[in-house]
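Data first, discussion second: the structure below is written as structure tokens.
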Amino acid sequence: MTLKLPPSGDDRWRLAAHARVIVYETRDGNELLTVYDCGAAQKPPSAQLIGNLVRVNAAHELEHTPTGYAVSMREPADLVRQDDDHYLIEAADAGDDVGDDDGGL
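Numbering of the sequence shown is given in the UniProt record's numbering, commencing with residue 1 and proceeding in unit increments.
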């Protein structure tokens with residue numbers, strides 16, 4: 001696991017307002033999550049980890065790809081570890097459940 005994201009609490013890391021999370025789905029059911037600070041920036045990823053992104057509770061756009069999907073954030077958010085294998089993204093102000101209509105992926 002490589003994490004160069006600023007911490008925002010226990011098992012929580014801050015994502016930029018325009019972060020892009022690329023999720024590669026493996027054949028064995030795992031996922032490789034790669035976090036970029038900005039989808040347009042030509043920089044190395046800020047984080048790379050193996051786990052399942054189970055929900056996005058923040059304003060975002062979702063794009064399905066042949067190998068998984070990409071989540072483009074539209075507001076500051078936190079990447080939150082639920083357990084060793086599960087993560088979610090929630091709005092930086094955790095009291096707001098802002099996202100797309102289905103509230104998840």
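Even for Gly, the Cβ is constructed at its ideal location relative to N, Cα and C.
> Pick from T34, G68, V21 and I50: whose alpha carbon is nearest that of D83?
Replying inline: I50
> Among all the DSSP beta bridges, which residues are the ones paired with S72?
Replying inline: R20 and E61
> How would you write the range of the beta strand (DSSP E) that A41 sits in, first residue to last?
Replying inline: Premise fails: A41 is in no beta strand (DSSP E) and is neither H nor E.
> Which class does A77 belong to by DSSP, given the choice of helix, strand or coil?
Replying inline: strand
> For D11, does the count of other Cβ atoms within 10 angstroms reach 16, so buried, or fall short, so exposed?
Replying inline: exposed
> Taking DSSP as the reference, what is the three-state secondary structure of N52?
Replying inline: strand
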